[in-house]
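Here the structure comes first, spelled out in structure tokens, and everything after it is commentary.
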Amino acid sequence: LMWLANNKIKLQPATSYPLVLETQMCKLKKSTIGVQVASNYTCDYLVGDEDTLLSLLAYHGPVAVAVNALSWQYYLGGVIQFHCDGSPQNLNHAVQIIGYDLTAPIPHYIVRNSWGTTYGDNGYLYLAVGSNICGLATEVTGLDVV
Numbered sequence: 001l002m003w004l005a006n007n008k009i010k011l012q013p014a015t016s017y018p019l020v021l022e023t024q025m026c027k028l029k030k031s032t033i034g035v036q037v038a039s040n041y042t043c044d045y046l047v048g049d050e051d052t053l054l055s056l057l058a059y060h061g062p063v064a065v066a067v068n069a070l071s072w073q074y075y076l077g078g079v080i081q082f083h084c085d086g087s088p089q090n091l092n093h094a095v096q097i098i099g100y101d102l103t104a105p106i107p108h109y110i111v112r113n114s115w116g117t118t119y120g121d122n123g124y125l126y127l128a129v130g131s132n133i134c135g136l137a138t139e140v141t142g143l144d145v146v
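The structure is reproduced here in structure tokens:
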């Protein structure tokens, strides 16, 4: 992130580099579209302090998190709240938490996955708030953009 900020490289929208299920060459090139990193912050370890994670989402917007997504291939909907190990050594995937719903019967985070819109709920899934489910509070990173 610091490299992006120092070199004034713009982040591209996901629509400009869609997921394809084949090997391709990297298409990275400087662009005049997208947003530029203004500063970054890393919260790293918020296990036991998901209130801080909720505050980051409310005041700074979406964050990237590392998760254990091993069982997610079987996700059919609903809120994942059990049977998803959050141990640091089992983190194997990165996703974006874009928001939360604390008023739902099961309070949950709204998570955008990178596996396309045919996955889950139009590309999204839901993880329970409060128990570091799938390790979502273990490695948290967000940034400010201009």
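When the letters of the sequence shown are read in order and numbered with the working numbering, they come out as residues 1 to 146. In this text, a Cβ means the ideal position worked out from N, Cα and C, and glycines have one as well.
Just measuring C-alpha positions, the residue of C134, K8, G142 and K10 sitting nearest D85 is C134. Distance from the CA of S87 to the CA of E22, rounded to the nearest whole angstrom, comes to 31 Å.
Here A58 carries a helix assignment [DSSP, helix/strand/coil]. DSSP places T103 in the coil class of the three-state scheme, outside both helix and strand.
Under the three-state reduction of DSSP output, D49 falls in the coil class, being neither helix nor strand. In the DSSP annotation of this structure, the continuous segment of the beta strand (DSSP E) that includes V65 starts and ends at V63 to V67.
The C-alpha of L46 is placed about 22 Å away from the C-alpha of T103.
In the three-state DSSP reduction, G142 falls in the strand class (E or B). Judged by pairs of C-beta atoms under 8 Å, the region 50-58 does not touch the region 111-128, as fewer than three such pairs exist.
Looking at the DSSP output, A137 shares a beta bridge with no other residue. Assignment of L91 by DSSP, reduced to helix, strand and coil, places it in the coil class.
If the five residues before and after V67 are omitted, its C-beta is found closer than 7 Å to the C-beta atoms of L91, H93, V95, C134, G135 and L136, all from its own chain and listed in chain order.
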